[in-house]
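Read the structure below first, then the notes.
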Amino acid sequence: MKILVINSGSSSIKYQLLDMEDESVLVSGLVERIGEEKGDLTNKAFPGTDREVVTEIVHPIPDHSTGMRLAIELIVDPDKGVIKDKGEIGAVGHRVVHGGEDFHEPIAITDEVIAAIKANVPLAPLHNPANLDGIRVAMELFPGVPQVAVFDTAFHQTIPPHAYMYALPYELYEKDRVRRYGFHGTSHKFVAGECARLLEKPFGQCNLITVHLGNGCSMTAIKNGRSVDTSLGMTPLEGLVMGTRSGDVDPAIHAFLARNKGMDIDAIDAMLNKDSGLKGLCGMNDMRDIHAAIEQGDEKASLAFNVQTYRNRKYIGAYMAVLGRVDAIVFTAGIGENDTVGRLESTRGLESFGVKIDEVANARRAAGPLKISTDDSTVVVWVIPTNEELAIGRETEHILTRK
Ligand code: AMP
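1088 is the number of the first residue of the sequence shown in my numbering; add one for each residue after it.
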């Protein structure tokens, strides 16, 4: 089956066309700057030869519908397209950020599912409406083709109440569903599944700590194949130090800022989401720039790196206590997959907890999974590239073909 995977953001659409037969990528593309004066579409087609065909279009793209239509014109073409006919697309898989408490797993999209995604908009006011745009456009473009929603939050719905409740007045949970939901679930589940395969152990018996370090960062404690705690909370702001997001701060800082700096709630929210994290500490949010600056003796860059890796270490320790027995720690996403020093610092001093890094293995580069712990490390440490599009493709196929 060929599956189109769509990740629709507020001003962008990422898409991939996958051939699930061999899980190959046929097309991968990005529509950006939707709604701005000039939109941008980059389409990379992999037509089975060793050369990819890259097409870039700069054109006004007023809305998601126009963006997706332009992309489909490039993908489907009787002469030049990777596929000759729209009918070859057997299903569309959508990334949906927030499923609230309604969705524990991916689901085939119906009117009721759309209504439930809408009902969860207050929990993800920027993301869910954009995801719904993508669903609406795909339903228009591919009438009758099954559409599946894959939620960022679904994998974490197994977290028990003592880990998802905040110690706030209970009515806030009862009336407004204020609780931890967690995000990046598709990525955590994907790398955890790959890790179980590498450990040659049934997923349902694996205790893992998955560490997703990209521009957004999160860590998940997985017990017997189920998420039992995760660092992102009701929104994707809690927990680890991220590119521009603060992660954990004293909640009283909000009141301090309001009272002493005259900041209103929107300004505080924007600061915590867009101007904090690594960027807040040193002015840079790309780890490659931070390492280059550290080389030049930039002390704030060193501080930002240290604050992030210390927080990672602290959470790994906490999740070891949550799990008791840990089979493996998995690093993934942009920083997790590439930053050798970051991985080393995030696990430094954990030898007495059974975590021993093999520095030579850790310094290796690999396109696929890489084991970076020593042979006598009780906890195996892996670097496993995440692939959210493939994960969504697999989940979509699974939902549509299971009996
Ligand atoms: P992601 O959100 O998973 O795409 O990750 C993006 C982040 O990965 C970037 O902001 C960089 O900080 C980081 N990154 C990418 N490549 C490298 C690298 N070679 N070394 C260190 N960090 C990297």
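We put the CB at the ideal spot given by N, CA and C, even for glycine. Computed from a predicted model, the values in this text were never measured in an experiment.
Would a C-beta distance cut-off of 8 Å place residue i and residue j closer than the cut-off?
i, j, result
"Ile1403", "Val1468", "no"
"Ser1318", "Met1329", "no"
"Val1470", "Ile1486", "no"
"Gly1221", "Ile1090", "no"
"Pro1193", "Phe1238", "yes"
"His1275", "Thr1297", "yes"
"Gly1320", "Leu1327", "no"
"Gly1180", "Val1235", "yes"
"Val1183", "Ile1204", "yes"
"Asp1463", "Lys1443", "yes"
"Gly1174", "His1146", "no"
"His1249", "Ala1211", "no"
"Pro1149", "Gly1177", "no"
"Val1118", "Leu1128", "yes"
"Asn1207", "Asn1218", "no"
"Gly1154", "Ile1100", "yes"
"Asn1360", "Leu1324", "yes"
"Thr1419", "Ala1450", "no"
"Ala1277", "Asn1130", "Sequence inspection shows Phe at residue 1277; the Ala mentioned does not correspond to that position. Against a cut-off of 8 Å, the Cβ pair of Asn1130 and Phe1277 comes out as no contact."
"Leu1300", "Gly1436", "no"
"Phe1290", "Gly1303", "no"
"Tyr1406", "Asp1316", "yes"
"Glu1040", "Leu1431", "Any question about residue 1040 goes unanswered here, given that the chain covers just 1088 to 1490."
"Ser1433", "Thr1396", "yes"
"Gly1511", "Met1107", "The shown model of the chain, from 1088 to 1490, leaves out residue 1511, and the question about it has no answer."
"Leu1368", "Lys1387", "yes"
"Leu1365", "Met1371", "yes"
"Leu1213", "Ser1097", "yes"
What are the boundary residues of the alpha helix (DSSP H) that residue i is part of?
i, result
"Phe1392", "1386-1410"
"Ala1354", "1352-1361"
"Val1428", "1427-1433"
"Lys1348", "1339-1348"
"Met1374", "1374-1382"
"Asn1449", "1446-1450"
"Ile1222", "1214-1228"
"Ala1453", "Careful: Ala1453 lies outside any alpha helix (DSSP H) and carries neither H nor E."
"Leu1477", "1475-1488"
Locate the beta strand (DSSP E) running through residue i, then write down its first and last residues.
i, result
"Tyr1102", "1100-1106"
"Met1306", "1304-1310"
"Ser1111", "1111-1119"
"Gly1180", "1176-1183"
"Lys1089", "1089-1095"
"Arg1313", "1313-1317"
Using DSSP's beta-bridge definition, name the partner residues of residue i.
i, result
"Phe1238", "Val1183"
"Lys1366", "Per DSSP, none; premise fails for Lys1366."
"Ile1194", "Ala1236"
"Ala1415", "Leu1295, Val1467"
"Lys1458", "Trp1469"
Can you confirm whether residue i, when its beta carbon is compared against all beta carbons of chain D, has any partner nearer than 8 Å?
i, result
"Ala1453", "The structure shown has no chain D; it contains just one protein chain."
*asked:* Quick check on the DSSP output: what are the complete beta strand (DSSP E) runs of length 3 or more inside the region 1119-1174, in order along the chain?
replied: 1126-1132, 1140-1146
*List in chain order: all unbroken alpha helix (DSSP H) runs of 4+ residues lying wholly within the region 1250-1301.*
1258-1263, 1272-1286
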